[in-house]
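Numbering (this note's numbering), first residue to last: 403 to 607.
If you want it as structure tokens, here you go:
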């Protein structure tokens with residue numbers, strides 16, 4: 403499997419990664435036995451980049467990865483693990499995006515516990531927080547690098563102008579964006595901006 407580096411300061415990962423939203427029930431019923439079988443196949447094929455998030459099955463995806471790593475300790479040195487936070491709910495149950503320092507650290511701490519690791523390879527702000535500037539969000543993320551809880555940081559679903567502002571605060575290793583034959587948003591400047599700034603584009607569909 404071809405390897406690629408996520409940004410200037412991010413990890414080296416397989417060119418094709420695995421999106422572990424399927425380890426929750428979001429695409430239909432599943433269980434840890436099935437999830438573990440998929441992770442075994444990933445290792446066999448050289449797919450070493452595993453992408454998850456705290457909201458995938460309300461932690462179920464991270465828990466499945468964590469139980470696999472506990473049963474297969476050698477996998478921890480083979481996999482690079484990315485997770486995300488910021489999507490949450492207000493008191494009325496409405497979906498909101500919270501990139502405050504307290505929320506990001508609290509959620510990352512929970513993710514680390516579910517994954518059974520002390521540090522992840524990459525931690526994304528899952529969406530932009532409308533109450534914070536991009537600079538403030540990135541500053542809050544960078545604190546977690548300095549605390550040793552993530553090795554690199556990323557953003558998800560951002561415009562080229564936002565990425566430029568963010569990079570002035572702290573190096574962004576990766577930007578995640580929907581990109582497929584039917585969704586071409588990154589062609590409108592994001593791909594070019596990532597290439598110019600040395601930021602990896604992690605595509606999902």
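C-beta: ideal position from N, C-alpha, C; glycine also.
Cβ contact annotation for residue 469 (same chain, cutoff 7 Å, sequence separation greater than five): 434, in chain order. With respect to the C-alpha of residue 579, the residue from 559, 573 and 565 having the closest C-alpha is 559.
Pairing residue 419 with residue 450, the inter-Cα distance amounts to about 6 Å.
Annotation: residue 502 to residue 564 spans about 17 Å, alpha carbon to alpha carbon.
Residue 556 is a Cβ neighbour of residue 412, given a cutoff of 9 Å.
In terms of Cα proximity to residue 426, the closest of 510, 417 and 461 is 461. Secondary structure note for residue 467: its alpha helix (DSSP H) is the uninterrupted segment 462–473. Counting along the chain, residue 544 sits inside no beta strand (DSSP E); it lies in the alpha helix (DSSP H) bounded by residues 536–548. Where residue 497 is concerned, the enclosing beta strand (DSSP E) starts and stops at 497–499. Taking all protein chains in view, the Cβ of residue 479 is surrounded by fewer than 16 other Cβ atoms within 10 Å, so the residue is classified as exposed. Only exposed fits residue 475, as fewer than 16 other CB atoms lie within 10 angstroms of its CB.
With a threshold of 16 other beta carbon atoms within 10 Å, residue 588 meets it and is buried. Per the coordinates, the alpha-carbon of residue 423 lies some 31 Å from the alpha-carbon of residue 570. Looking at the DSSP output, residue 421 shares a beta bridge with 453. Beta-carbon to beta-carbon, residue 546 and residue 506 are separated by about 7 Å, close enough to satisfy the 8 Å threshold. Of the other Cβ atoms in all chains shown, 16 or more fall within 10 Å of the Cβ of residue 531; this residue is therefore buried. With fewer than 16 other CB atoms across the displayed protein chains lying within 10 angstroms of its CB, residue 496 is exposed. When the alpha-carbon of residue 541 is set against those of 484, 573, 592 and 457, the nearest one is in 573.
Shortest Cα-Cα distance from residue 464 to any of 483, 473, 477 and 447 involves 483. Excluding the 5 residues flanking it on each side, residue 408 has same chain C-beta neighbours closer than 7 Å at 415, 524, 554, 575, 576 and 602, in chain order.
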